[in-house]
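Residue numbers (the working numbering), protein chains in the order written: chain A, 1 to 89; chain B, 1001 to 1115. Cβ atoms here follow ideal geometry from the backbone N, Cα and C, with glycine treated the same way. This report concerns only the one structure given below.
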Amino acid sequence: MQPDVLVNLAEFMISAAFFIALIRVFWGPTLPDRVVAVDLIGVSAVCLMVVAAVDSKEPAFLDTAVVIALLGFLGTVAYARYAERRRRE
Amino acid sequence: MMDWLTGVLSLIGATLVLLAAVGIVRMPDLFTRMQAATKASTLGLGCLLAAAAVALADSSAVVRALSIGAFIMLTSPVSNHVIARAGYLTKVPLWSGTVVDEWRSHRDLESDRDL
């Protein structure tokens, strides 16, 4: 057994996590549930980029991971501001 | 040897991320879902970044991995605090087995403001 198999298995498991979190995005009874699930999808996209960097020995994937992490954080904070402002009106 | 360390670390990280996703489907309300998703996915990402630092073994890659880790560990508590606050204030229903809700005793329910 080669160690590369473990990395490929990790890629498969993170992709599975991606789709399982998507179930909550479709089902989520309230909007914050959906936002939490989308946040987890963003984190698993970062994880997928990191594993891709491991798999291909290409450090450029880590830069992509930084950008996705930044966008996920900004999206979440923007949603929370929107929800609290909508409550006040 | 380093290849095996990389493989095992990425497998541990991927398992934690998968557990976070299972937690987000299985847990009963918003707040329990959030604590399952955030903690497990942060630790999983930490393990994956350690795997990347071991595998690439390059000073620039190690610095990038450390900076991603520091960024996630700084921003994920902030963003989850903000969602939890917005969720509580927009009256997301709590789980029926909830034992303690400390904020409620500090709030005036009619005017929807803090006392």
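Distance, Val1082 of chain B Cα to Val51 of chain A Cα: Counting from 1 along the first sequence, the entry for residue 51 of chain A is found at position 51. Counting from 1 along the second sequence, the entry for residue 1082 of chain B is found at position 82. About 29 Å.
Length at least 4, wholly inside the stretch 1009-1057 of chain B: the alpha helix (DSSP H) runs in chain order: 1030-1056
Rounded straight-line distance, which links the Cα of Arg87 of chain A to that of Leu1089 of chain B: Position 89 of the second sequence, counted from the first residue, corresponds to residue 1089 of chain B. Position 87 of the first sequence, counted from the first residue, corresponds to residue 87 of chain A. Each residue's Cα considered, the two are about 8 Å apart.
The stretch 1061-1069 of chain B touching the stretch 30-45 of chain A, judged by at least three CB pairs closer than 8 Å: no
Neighbouring residues, chain A, relative to Thr1098 of chain B (Cβ below 8 Å): One-based indexing of the second sequence puts residue 1098 of chain B at position 98. Neighbours of Thr1098 of chain B on chain A: none; closest Cβ ~16 Å, over 8 Å.
Any chain A beta carbon closer than 8 Å to Thr1032 of chain B: Position 32 of the second sequence, counted from the first residue, corresponds to residue 1032 of chain B. No, its Cβ sits nowhere closer than 8 Å to a Cβ of chain A.
contact_flag[the stretch 1004-1019 of chain B, the stretch 76-83 of chain A] where n(CB pairs < 8 Å) is 3 or more: no
C-beta atoms of Val1017 of chain B and Ile14 of chain A nearer than 8 Å: Numbered from its first residue, the second sequence carries residue 1017 of chain B at position 17. Numbered from its first residue, the first sequence carries residue 14 of chain A at position 14. Yes; because the gap between Cβ atoms is below 8 Å, this pair is in contact.
Rounded separation between Met1034 of chain B and Ile1068 of chain B - CA only: Along the second sequence, read from residue 1 onward, the residue named residue 1034 of chain B stands at position 34. Along the second sequence, read from residue 1 onward, the residue named residue 1068 of chain B stands at position 68. So the two alpha carbons sit approximately 21 Å from each other.
DSSP three-state assignment for Asp1112 of chain B, whether helix, strand or coil: The sequence position of residue 1112 of chain B within the second sequence is 112, counting from 1. Coil, per DSSP.
Members of the stretch 1058-1072 of chain B that neighbour chain A once the beta carbon cut-off is set at 9 Å: Asp1058, Ser1060, Ala1061, Arg1064, Ala1065, Ser1067, Ile1068, Phe1071, Ile1072
Cβ-based contacts, 8 Å cut-off: residues of the stretch 1001-1021 of chain B near chain A: Asp1003, Trp1004, Thr1006, Gly1007, Val1008, Ser1010, Leu1011, Gly1013, Ala1014, Thr1015, Val1017, Leu1018, Ala1020, Ala1021
Strand pairing of Arg86 of chain A, partner residues [DSSP]: Here the question's residue 86 of chain A lines up with position 86 in the first sequence. None, per the DSSP bridge assignment.
Nearest neighbour of Leu1094 of chain B, chosen from B:Met1027, B:Ala1020, B:His1106, B:Val1054 [CA to CA]: Counting from 1 along the second sequence, the entry for residue 1094 of chain B is found at position 94. Nearest C-alpha to Leu1094 of chain B: B:Met1027.
Under 7 Å by beta carbon: chain A residues contacting Gly1087 of chain B: Locating residue 1087 of chain B in the second sequence gives position 87, counting from the first residue. Pro32, listed in chain order.
C-beta contact flag for Phe1031 of chain B and Ala1070 of chain B at 8 Å: Numbered from its first residue, the second sequence carries residue 1031 of chain B at position 31. Numbered from its first residue, the second sequence carries residue 1070 of chain B at position 70. No.
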